[in-house]
Amino acid sequence: MAKWITIEQMSHHVGEEVELRGWVYLRTDKGRLQFIRLRDGTGFAQVVVFKKNLDPEAFNAARHVTQESSVIVRGIVRQDERAPGIPGGYELDARDFQIVQLAEEYPIQPKEHGVDFLLDHRHLWLRTPRQWAIMRVRAEVIRAISDWLDDHGFLRVDTPILTPSAAEGTTTLFETNYHDRPAYLAQTGQLYNEANIFAFGKVYCFGPTFRAEKSKTRRHLQEFWMVEPEIAWCTLEDLLEIEEQFVSYIVQRVLERRANELRVLERDTSSLEKVEPPFPRISYDEAVEMINRAAAQGVRVPPKDEPLPPIEWGDDFGAPHETYIAAQFEKPVFVHHFPTEAKAFYMEPEPDRPEVCRSADLLAPEGYGEIIGGSERISDPEKLVEALKRHNLPLEPYKWYIDLRRYGSVPHSGFGLGVERTVAWICGLHHVRETIAFPRVLGRLYP
RNA sequence: UCCACCGUAGCUCAAUUGGCAGAGCAGCCGGCUGUUAACCGGCUGGUUCCUGGUUCGAGUCCAGGCGGUGGAGCCA
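For the first sequence, the working numbering gives the first residue as 15, with consecutive numbering after it.
Structure follows, in structure tokens:
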């Protein structure tokens, strides 16, 4: 009996007779010679089927097998430079070929397709090499996130998805029915994280979050994954050091362990190799100056080569502003001390200058935009009540949140990193919809 | 919500001024022992998004609708 191995393991079995189980993704019919491209989830490999090496029935099966049919192939592993695949360089010289199920005419071909068609066929699109590579990078990003946090004293404490009230804006909430009372899908676990740090010191939550934004851009999903670390006894300055260590670790880990996948994606990794601490830091004030200086000089920004619009102090950045700022640096860049008005209610105002708050966003290079938003949180109960009132938020739902400041309040900070934007940046993708298996984009709930 | 663009075969796209709806790929049949999205020959394949209008005649022009894409705002 030939041993069943995976495509990933082929290089360790050269000269041996083995069995592969997988799906046909391409076939080249040369008459008495068939080239079958097989994938099995671990990789992509070529099976070479010479008529003289098989029973007539088995050869006939190989000759008529359709794309995406499930098959079991027995043969001898051979090293050959001409063999395509991932990782490639090894092929199977077939001795037997069995079809488990002959697939019907398959809609996705190894060629260009439109976005609408691909999203409607996401359940099948996932089988293609490019999507395979992206999902494997995503899994590595997630493992790197957990490993780094777990190894640095953070305790994972999961926060609820069904919540009674808004954490931030109310217009972007998905409402659901909680036994005849309204409940909302979580936009963030942060407020609960803040409760958890007083019990556990350093914590993080990691899960899906939901934003009912009417956003139709390459950076937005209705449902996305966010990791949110929160740290007691931590100032904004301490927080930025943690963030740059964390992000650098994630990037270097993917470069090290998912090189094959990045090659499939044709990612130029030279800019990723530079991602290590420290990251540049500029204040919002400096950023506004940089933007307005550039706008006055008529600087244009990708992707549409439009003139960079000037900005007024107090406004939040638009996409071209983020793109311009990020393009001035080789590494991710922190922009800190945003106007208090433009940010969420819980951010700590700078004591000597309350019009700005102790917040910082991290902008990824190459136009991938904001991948982290973070801040020091208000630690004084009275200042927090004031801030809630200033934002016209009701006090009652936040009673427990205010309580946290009444029983042993300490300076504390936290941030949220968006998994999809991080994966899009590392993979060099144009749109975050490819970074999650079943994306929830505006107007789409199938499959 | 707003702005721009798009909707023709299973897929990617053509169709001149309003004048017989076409090609490549996929599928099926045949040929080929090193293909890299093979190649060569043949066959099959249509509610031109929907509704209405103009016209001798509409894929093409007009109106409304539906669906999609890109972007803005907002955000990770």
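Cβ atoms here follow ideal geometry from the backbone N, Cα and C, with glycine treated the same way.
Nearest neighbour of residue i, chosen from the options [CA to CA]
i	options	result
Arg203	Ile339, Phe429, Ala301, Ile450	At residue 203 the sequence reads Gly, which differs from the Arg that was named. The candidate whose alpha carbon is nearest that of Gly203 is Phe429.
Gly387	Pro365, Glu300, Gln115, Val261	Val261
Phe73	Arg295, Phe49, Glu126, Tyr298	Phe49
Val38	His27, Thr80, Glu448	Thr80
Ser423	Lys413, Glu33, Arg391	Arg391
Phe212	Phe224, Thr190, Trp247	Trp247
Pro174	Arg195, Asn210, Val155, Arg233	Asn210
Trp414	Tyr206, Asn406, Arg170, Gly332	Tyr206
His135	Pro324, Pro121, His26	Pro121
Gly55	Asp69, Lys397, Leu47, Leu34	Leu34
Lys397	Tyr360, Glu384, Tyr421, Ser389	Tyr360
Pro294	Leu459, Glu251, Asn306	Glu251
Asn67	Val85, Arg458, Arg46, Glu95	Arg46
Arg271	Gln115, Asp110, Ile440, Asn306	Ile440
Pro368	Ile339, Ala340, Tyr382, Glu400	Glu400
Leu43	Val32, Gln201, Lys65	It should be pointed out that residue 43 corresponds to Asp in this sequence rather than to Leu. It is Lys65 whose Cα lies nearest to the Cα of Asp43.
Ile296	Asp130, Tyr460, Arg307, Ile339	Ile339
Residue i - DSSP class collapsed to helix/strand/coil
i	result
Arg35	strand
His27	helix
Val289	coil
Arg435	helix
Pro411	helix
Ser423	coil
Asp375	strand
Leu418	coil
Ile386	strand
Thr186	coil
Arg454	coil
Phe131	helix
Thr500	Since the first residue shown for the chain is 15 and the last is 461, residue 500 is missing from the structure and cannot be characterised.
Val347	strand
Glu119	coil
Pro395	helix
Val171	coil
Beta-carbon proximity of residue i to residue j, cut-off 8 Å
i	j	result
Val455	Leu235	yes
Val370	Glu362	no
Ala76	Met24	no
Leu140	Ala451	yes
His426	Ile245	yes
Ala11	Val61	In the structure as shown, the chain begins at 15 and stops at 461. Residue 11 is therefore absent and cannot be evaluated.
Leu52	Val87	yes
Ser176	Phe188	Reading the sequence as shown, one finds Leu at residue 176 and not Ser. No, Cβ-Cβ distance for Leu176 and Phe188 is not below 8 Å.
Gly89	Ala97	no
Ala309	Val349	no
Val155	Val433	yes
Pro243	Phe168	yes
Pro178	Pro408	no
Cys219	Asp165	no
Arg150	Val437	no
Ala356	Gly328	yes
Arg232	His445	yes
Pro353	Leu376	no
Ser373	His351	yes
Pro316	Thr337	yes
Leu431	Met240	yes
Gly383	Arg435	yes
Val85	Gly128	no
Glu71	Ala117	no
Residues near residue i by beta carbon distance below 7 Å, same chain, minus five either side
i	result
Lys228	Leu456
Ile100	Gly57, Phe58, Pro143, Asn274, Val278
Ala226	Thr186, Leu187, Phe188, Gln236
Asn292	Looking at the sequence shown, residue 292 is not Asn but Pro. Answer for Pro292: Glu258, listed in chain order.
Pro124	Leu40
Close beta carbons around residue i, own chain, < 8 Å, minus the five adjacent residues each side
i	result
Arg314	Glu320, Pro321, Leu322
Glu344	Ser285, Lys288, Pro379
Ala158	Tyr263, Ile264, Arg267, Val268
Ser393	Glu362, Arg419, Ser423, Val424, Pro425, His426
Ser160	Arg170, Phe220
Gln342	Met304
Asp69	Asp110
Same chain only: Cβ atoms within 6 Å of residue i, ignoring 5 sequence neighbours per side
i	result
Arg447	Pro453, Val455
Glu290	Ser262
Arg92	Glu105, Asp107
Gly215	Ala246
Gln112	Ile86
Any non-hydrogen atom of the ligand SAM closer than 7 Å to residue i Cβ
i	result
Pro101	Ligands in the displayed structure: none, and consequently the ligand SAM is not present.
Secondary structure, alpha helix (DSSP H): runs of 4+ residues fully inside the region 36-113: 70-78
Enumerate, from N- to C-terminal direction, the unbroken beta strand (DSSP E) stretches of 3 or more residues contained entirely within the region 190-247. 195-199, 216-224, 237-246
Alpha helix (DSSP H) runs contained entirely in the region 256-341, provided each spans 4 or more residues: 273-278, 284-287, 298-310, 333-341
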